[in-house]
Amino acid sequence: MNYMNSFRFSSISIVPVIAAIGVLALLAIAIYPASAATGNGAPSGAHYNLNIIGVPKDKTADMTGSSGHRIFIPLSGKTDILLREGDYQVIDGNGTDGSASFQLPNPDDGSGQLAYSVWVRPVAGKGDISFQSCFTEFETNGVWCYAGDLVQNLTKTNKFTDVSRDLLQVCADTDTGAGTDLELVPLFSDLGEDYFWHVDNDGMRNVQMRFYDISTTPIGGDCTRGGHPAH
């Protein structure tokens, strides 16, 4: 057998295969430029970090305007994180007194998709933590919280989960007449005011949140809601 001819034949045959693989790889990159995983479930790329830290004792320091990347909440208890429209910034990092304040961009850019995405994962603690998006609705003059609350605990995987649908929208009555039509609408919609996240912590010591300039979720969808849970 002529081994040189055999080897040469194999080399010539594999060239188009390599070329085809290269083309497919380029297509994959072009189609999914923002969905590359980092190994922890989150996308790759620039993002804003926010840590929700559960502590056993209330903080006494004034954290207004501290501009850090963390919000302290009770290790066991409830807190409202008041939301303000603007560039990412912690306005009040002390949620152990019942409320904190966080600034984030308007998620509605008119495209029909949420303009960015938020991802969350539990890092430390035992138990669970829940988040609900809430607001004061003009139509009913009531405070409503999206009943599809997000619960994270360490019995699940500690990889990031896309929670944009839960945390960047509220459940609003979009029927301006006598009827009721509940739909998800983005934060800072003109249907209401005083938007906030209601957080109920039961033992979670650290929850990481990441905000990416990546659109993953269409705006809207049916929803159910309830009143603001008492503290």
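Per the working numbering, the sequence shown starts with residue 1378, numbered consecutively.
Where is the CB? At the ideal position from N, CA and C, for every residue including glycine.
Here the structure is a predicted model, which means the values were calculated and not measured.
List the residues that DSSP assigns as beta-bridge partners of residue i.
i: residue 1425; result: 1588
i: residue 1594; result: Paired residues: none, contrary to the question.
i: residue 1547; result: 1562
i: residue 1470; result: Paired residue(s): none; residue 1470 is not in a bridge.
i: residue 1523; result: 1602
i: residue 1418; result: None, per the DSSP bridge assignment.
i: residue 1583; result: 1430, 1501
i: residue 1459; result: 1478, 1573
i: residue 1484; result: Paired residues: none, contrary to the question.
i: residue 1535; result: According to DSSP, residue 1535 bridges with nothing at all.
i: residue 1514; result: 1519, 1569
Under 6 angstroms from any heavy atom of the ligand GTP, does the C-beta of residue i make it?
i: residue 1491; result: Ligands are entirely absent from the displayed structure, and the ligand GTP is therefore not among its contents.
If residue i and residue j are in contact, beta carbons under 8 angstroms, what's the gap, nearest whole angstrom?
i: residue 1587; j: residue 1521; result: Incorrect: roughly 27 angstroms between the Cβ atoms, too far for contact.
i: residue 1512; j: residue 1574; result: Contact doesn't hold; Cβ gap of about 10 angstroms is too wide.
i: residue 1567; j: residue 1493; result: With 8 angstroms as the limit, residue 1567 and residue 1493 do not qualify as a contact, their Cβ atoms being about 20 angstroms apart.
i: residue 1437; j: residue 1525; result: About 35 angstroms; that fails the 8 angstroms criterion.
i: residue 1560; j: residue 1553; result: The pair is not a contact, with the Cβ atoms about 12 angstroms apart (cut-off 8 angstroms).
i: residue 1455; j: residue 1576; result: 7 angstroms
May I have the straight-line CA-CA distance separating residue i from residue j, to the nearest angstrom?
i: residue 1441; j: residue 1471; result: 8 angstroms
i: residue 1565; j: residue 1523; result: 14 angstroms
i: residue 1411; j: residue 1555; result: Annotation note: pLDDT 45 at residue 1411 (below 50); position unreliable, no value reported.
i: residue 1420; j: residue 1502; result: 24 angstroms
i: residue 1435; j: residue 1608; result: 15 angstroms
i: residue 1459; j: residue 1416; result: 32 angstroms
i: residue 1585; j: residue 1427; result: 6 angstroms
i: residue 1517; j: residue 1599; result: 18 angstroms
i: residue 1432; j: residue 1474; result: 12 angstroms
i: residue 1425; j: residue 1558; result: 34 angstroms
i: residue 1447; j: residue 1606; result: 24 angstroms
i: residue 1445; j: residue 1484; result: 22 angstroms
i: residue 1439; j: residue 1479; result: 15 angstroms
Rank the options by C-alpha distance to the C-alpha of residue i and give the top, closest one.
i: residue 1457; options: 1582, 1463, 1477; result: 1477
i: residue 1486; options: 1600, 1594, 1608, 1601; result: 1594
i: residue 1583; options: 1601, 1463, 1430, 1417; result: 1430
i: residue 1500; options: 1538, 1516, 1509, 1575; result: 1538
i: residue 1498; options: 1418, 1422, 1598, 1607; result: 1418
i: residue 1488; options: 1560, 1596, 1576, 1569; result: 1596
i: residue 1570; options: 1527, 1519, 1528; result: 1519
i: residue 1449; options: 1481, 1529, 1550, 1578; result: 1578
i: residue 1422; options: 1599, 1592, 1604, 1603; result: 1592
i: residue 1482; options: 1475, 1474, 1491; result: 1491
i: residue 1505; options: 1474, 1425, 1527, 1461; result: 1527
i: residue 1462; options: 1439, 1563, 1451; result: 1563
i: residue 1452; options: 1603, 1606, 1580; result: 1580
i: residue 1572; options: 1515, 1433, 1445; result: 1515
*Three or more C-beta pairs closer than 8 angstroms, one from the segment 1539-1549 and one from the segment 1463-1470: is that the case here?*
No, the segment 1539-1549 is not in contact with the segment 1463-1470.
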